[in-house]
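Okay, so here's the structure we're looking at.
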Amino acid sequence: MASRLKQYLLLAAAGAALYFLLTHHIVFHGEDANFVKNIYFLKKSKLDLNETFVSLNQKSPDAIMKVKVLRENGIGELMVEIGMITDEERRRLESRYR
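Once you know that position 10 of the sequence shown is 28 in this note's numbering, the rest is easy, because the numbers rise by one and skip nothing.
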């Protein structure tokens, strides 16, 4: 009985983890390329595994904003919040890639 309960709990935890990965972008940002300082979560507009793990290290804001899925889910606002770009630059990049 206890082992069956453990199996169900493990299965439920695995399902919850998969659902979280389907519904969120996990964005990594740090000062150095090899060091992750902060982790941010962005809600996805639809359930998929595209661009689930995103690193802002060693990428230009222009390269990040080229990705339509990230742009639609608010990566620009996140980059403004963490100080990578200004709000004016975010608007310029969003209008360029519409």
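Glycine included, each C-beta is placed from N, C-alpha and C at the ideal position.
These numbers come from a predicted model, not from an experiment.
Reference Asp66; option with closest CA among Phe38, Met102, Arg108 and Pro79: Selection Phe38, Met102, Arg108 and Pro79 evaluated against Asp66 yields Phe38 as nearest (Cα-Cα).
Expressed to the nearest angstrom, what Euclidean distance is found between the alpha-carbon atoms of Ser21 and Ala32? 16 Å
Can you tell me whether Tyr58 is helix, strand or coil according to DSSP? strand
Buried or exposed: where does Ile93 fall if 16 or more other Cβ atoms within 10 Å of its Cβ makes it buried? buried
Residue closest to Pro79, alpha-carbon to alpha-carbon, out of Ala35, Tyr26, Leu96 and Met19: Closest option to Pro79, Cα to Cα, is Leu96.
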